[in-house]
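Here's the structure we're looking at; comments come further down.
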Amino acid sequence: ATTEIYTLSLHDALPICLVLQYLGNHFGTLGIVTRKHKSILAVADEVGVIMAYVAEAGHDQTNAIDLAYHAGMMGGNFLARPRDPAHSVHKTLKPLNKALAVLARSTPNVKEQLIRALIICVRHDHHITDEERDLIRTIAAILETPLGMFGDEAAELLH
């Protein structure tokens, strides 16, 4: 017998997380989410993980990825930390899934601060790719943070 290992792309994995979240809510298999994290500092590591994946979307050169990452981290007023190259769609999505699970238990103001920083990250080069647009939309949906609340900041992501 052979064992096949399937790998999912970032664009396949995040919508699956969203569907599972919806089904869990619909069938009552998810417990009540308590808002555990009230400060962005409490989830700084997770922010760095998500920022690394978002910075990589739409870029294939390390320099461009680093510029996007640092633009988002600085734009969100997060503590400066180096981007971990292990947080890459070419390696594994486990860190991203774990970070999203932690951030889902954050207060709305923490989620809003994160989404604002992710928008800065994808807009740093004045060009938003379809991959970046889909990624931000999906992350915002998973975190139950509507992009419409960001007005002109997110206008390019809504179309």
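The numbering of the sequence shown is the working numbering, which starts it at 11 and goes up by one.
Ideal Cβ placement from N, Cα and C applies to all residues, glycine included.
Secondary structure remark: continuous alpha helix (DSSP H) runs of at least 4 residues inside the stretch 58-144, in chain order: 72-85, 104-113, 118-133. At the C-beta level, D135 and A67 stay beyond 8 Å of one another. Counting only residues of its own chain and dropping the five nearest sequence neighbours on each side, I50 has a CB closer than 6 Å to the CB of V120, Q123. Judged by DSSP in its simplified three-state form, E154 adopts coil rather than helix or strand.
CA-to-CA, the gap between V59 and L110 works out to about 9 Å.
Contact between H97 and A62 is confirmed by a C-beta separation of about 4 Å, below the 8 Å threshold. One alpha carbon belongs to R126, the other to Y79, and they sit about 13 Å apart. Between the C-alpha atoms of D140 and K46 there is a straight-line separation of about 33 Å.
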